[in-house]
Structure formats: structure tokens, C-alpha cells
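Numbering (my numbering), first residue to last: 43 to 306. Backbone N, C-alpha and C define an ideal beta-carbon position, used for all residues, glycine too. Note that the structure is predicted; figures quoted are calculated from it, not measured.
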């Protein structure tokens, strides 16, 4: 009797959903990463698609008390959406969820995972420091670029290795956590160098087809060499010398005119 009732209820819900032009049978996905790795660029790629419903940072401290409201947040990714929607997702930074919440999220096996990283983690830290200093997180108009003298930041040498190690740890934990899941890894450097191809790959990964590059308008914020952006560049160089991260100082990937629209 219970099985019959459940079957009838499921059939009734499907009929109501179909009749009202909404559904819940879409791909669910999350974009996981660290701030200043191109997440806003990918966010806007997804938001440019008429087939994707993409939420921002629904689990961040700006939108809740960390550790509270996980179920309410995740429920947005299970709601009914128009039948034209083929994928629903959101952006989650490593530190947005507690360990207990990550464990709860791991149980949701239906989610596809996009893992966004940046090879030059020093650039991540510099970009983050500049964003906090200027309170400018996005740039959509290249004519309003901030003068480099207003962007220069001081990095705490004693904290630098620990910060880089923390990012590496989060990356490894995410790989291990979702090792047996449908996962797409994207590196920031590849995204900006081959934007259209990587964006299209991400769109197809979540089961959608269409997106519009005309609706992705972010511009490069910090193209200057690191020695122009870091006030204590000599100190930073000394700390990183003869470490596995020494090559970060040599990765001047963005010291040329870039035709790609990017957000960092």
C-alpha cells in the first residue's frame, strides 16, 4: 500500500511539474575553488546561458552564519525551474563550508564538480590582497583601470609559505573528496589563454549547450609584473627562493596584451 501511494504521489508530482512548465530533473553542479582564481568569469559564463540557473556564493559568510543554514542553501539547488533549464549550480569556496558540511555535501552523489584552481598561487594571494585594499572585486570597463601605485600591496613574508600551503591543502582535499565523482578540473591560466574552448567545455560538462561570450564582460585587473604589484618584492623573493614555489616569481603570464576578458 505504501509503495502504491508513493508511486501515485511521484506520478502526481511529475504531472503537476509537467503541466506547470517546471521540473527538477536537471543536472546539479558546484563550482569549487579559491577566491581570485577566475570564479566570477566562469560564473558569468554559466549565467550567460539560457539553459543554466547559476547562484553566487550562497554559503559564504555574507549570506549566512558559517555552519548554519546548509540545508536551506542546498535546497535552492533542488527547487523547481523552468523546463528550459538543464543545469542548476552555485559557487563554493573551500572555506565556505565547515568540515561537517563538506561531509554532508559528499553524500549528495548527484552533483557534478567543477574544480577551479590557479597554478601561480602567489598571483592568487596578490590579487586577493589588492581586492581587499581597493574594495574592487570586478572590473568591466578597461578605461577605469586602477593606477598601479594605488594597487601595490605588502605581503607578510612570515605568513606567505603557510598561505600557499593552505591553498595546496584545500586543492588536495577537494581532489580526494571527489575522486570518484564526475569532476572537471579547470586551471585559471588555461581558462584565460583558451577562453572560448574552456568555457564551452564547462557548459557541456553540466549538460547545457548554449552560452554567450557577449555577456561576459570582465576585464583584466592586475596585468602588471609582480615586482610592480608587491611593495616588498625583494622580501617575498627571498622567502620563496630555493622552495618549490620559486617559479611563481618567473610566471609573468599576463605581461602582454590579452584579448581575453577576465576578472582578475
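Assigned secondary structure, residue i (DSSP; H/G/I helix, E/B strand, else coil)
i, result
"residue 76", "coil"
"residue 258", "coil"
"residue 249", "coil"
"residue 133", "strand"
"residue 70", "strand"
"residue 226", "strand"
"residue 46", "Note on residue 46: pLDDT 44, under 50, position unreliable in the model; no value is reported."
"residue 288", "helix"
"residue 52", "Interpretation of residue 52 is limited by its pLDDT of 48, a score under 50 that renders its predicted location unreliable; no figure is taken from the coordinates."
"residue 231", "helix"
"residue 103", "coil"
"residue 297", "Its pLDDT being 44, under 50, residue 297 is placed unreliably by the model, and the measurement read from it follows with that caveat. Three-state result, residue 297: coil."
"residue 124", "strand"
Of the residues the options, the one placed nearest residue i, counting alpha carbons only
i, options, result
"residue 140", "125, 111, 226 and 164", "111"
"residue 210", "159, 231 and 121", "159"
"residue 40", "275, 216 and 91", "For residue 40 there is no data in the structure shown, the boundaries of the chain being 43 and 306."
"residue 259", "82, 148, 252 and 192", "82"
"residue 238", "292, 84, 289 and 114", "84"
Range covered by the beta strand (DSSP E) that runs through residue i
i, result
"residue 63", "Counting along the chain, residue 63 falls outside any beta strand (DSSP E), and DSSP gives it neither H nor E."
"residue 157", "153 to 159"
"residue 148", "Residue 148 -> not in any beta strand (DSSP E); alpha helix (DSSP H) instead, spanning 141 to 148."
"residue 95", "94 to 96"
Expected contact under 8 Å - CB spacing of residue i and residue j to nearest Å
i, j, result
"residue 109", "residue 119", "Not really, about 19 Å apart at Cβ, beyond 8 Å."
"residue 164", "residue 73", "With a Cβ gap of about 23 Å, residue 164 and residue 73 do not count as contacting."
"residue 95", "residue 136", "Not really, about 23 Å apart at Cβ, beyond 8 Å."
"residue 65", "residue 125", "5 Å"
"residue 282", "residue 275", "About 11 Å separates the two Cβ atoms, so there is no contact after all."
heavy atom of the ligand HEM below 8 Å from residue i C-beta
i, result
"residue 275", "By its list of ligands, the structure shown contains no ligand whatsoever, and the ligand HEM lies outside what it can speak to."
Residue range of the unbroken alpha helix (DSSP H) whose run includes residue i
i, result
"residue 277", "275 to 282"
Q.
To test your reading of the DSSP string, which unbroken alpha helix (DSSP H) runs of 4 or more residues are found completely within the segment 161 to 209?
A. Those alpha helix (DSSP H) runs which fall completely within the segment 161 to 209 and span 4+ residues are 163 to 176.
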